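Using my numbering, read the sequence shown as starting at 434 and increasing by one per residue. The C-beta atom is built at its ideal place from N, Cα and C for all residues, glycine as well. If you're wondering where the values come from, they're calculated on a predicted model, not measured in any experiment. Heads up: the structure comes next, in structure tokens.
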Amino acid sequence: SFVRSALGALAISTVTAGAALTQGGAPAPAALKIAWVNSQKIFAAVPGRSDAEAQMQKEMESYRAEVQKMGDSLNTIVAAYNKAEPTLSATAKAARQKDIQTRESQYQQRVSQLEQQAQQRQAELMRPILEPINKVIEQIRAEEGYAMVFDAGSQSGVVVAADSTLDISDKVIARLKAAPPVSTTPKPNAGPTSQPTGAARPQTPDRR
Numbered sequence: 434s435f436v437r438s439a440l441g442a443l444a445i446s447t448v449t450a451g452a453a454l455t456q457g458g459a460p461a462p463a464a465l466k467i468a469w470v471n472s473q474k475i476f477a478a479v480p481g482r483s484d485a486e487a488q489m490q491k492e493m494e495s496y497r498a499e500v501q502k503m504g505d506s507l508n509t510i511v512a513a514y515n516k517a518e519p520t521l522s523a524t525a526k527a528a529r530q531k532d533i534q535t536r537e538s539q540y541q542q543r544v545s546q547l548e549q550q551a552q553q554r555q556a557e558l559m560r561p562i563l564e565p566i567n568k569v570i571e572q573i574r575a576e577e578g579y580a581m582v583f584d585a586g587s588q589s590g591v592v593v594a595a596d597s598t599l600d601i602s603d604k605v606i607a608r609l610k611a612a613p614p615v616s617t618t619p620k621p622n623a624g625p626t627s628q629p630t631g632a633a634r635p636q637t638p639d640r641r
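In structure tokens, the structure reads:
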């Protein structure tokens, strides 16, 4: 989904803690001060998220319309060929099958192109939202002396349990809301650039 993909781009800051010295001069491990955040909770509360999502949904509708139109056109051609096939000569069959194959290849290439553009577009829409999140997390980490900040809300994370007193998500959210407003109004895209959702693959003719 759109939100899940955006959360995957949220990079949580980490640093290595320095080592303390014992009286004898031998290095001893320093106690690590750590914290964690829930990226899903932060992302849900960050200013500008709803605008970015609305823009992405709008562009997805434009994408779906283009894919649907291309798919319908190809299916119409395939259906016409299947209906006429019994009366076609071998030469005519070969020519029409070649035309259908060419059109199907063009369709698949266009879908692939739009998928790549969708990823780039999503990154553009998310950048002004994710950058402030990462900046605030790093600021809090540095100010409060945390060696590491983990993400307990990541879909790909391995954290299965965490001390709630180490959660700094609310601090991050409060600082984001208190910061001067940053323009997160996404610029309209020139063309449909959203990832395919529910687009059916056109039928292929029976080749006998």
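Rounded to the nearest whole angstrom, the C-alpha separation of L547 and E494 is 13 Å. For I475, the enclosing alpha helix (DSSP H) covers residues S472 to A478. Taking R574 as reference, the option from Q542, Q549, A551 and R608 with the minimal CA-CA separation is R608. Nearest in C-alpha terms to E499, of all of A611, R543 and S597, is R543. Here DSSP, grouped into helix, strand and coil, assigns I467 to strand. When DSSP reads this structure, D600 sits in a beta bridge with W469. Measuring C-alpha to C-alpha distances from L599 to each of D584, K531 and Q501 identifies D584 as the nearest. Cβ atoms of V582 and W469 come within 8 Å of each other, at about 7 Å. Contact between A485 and L558 holds: their C-beta atoms lie close to 4 Å from each other, under 8 Å.
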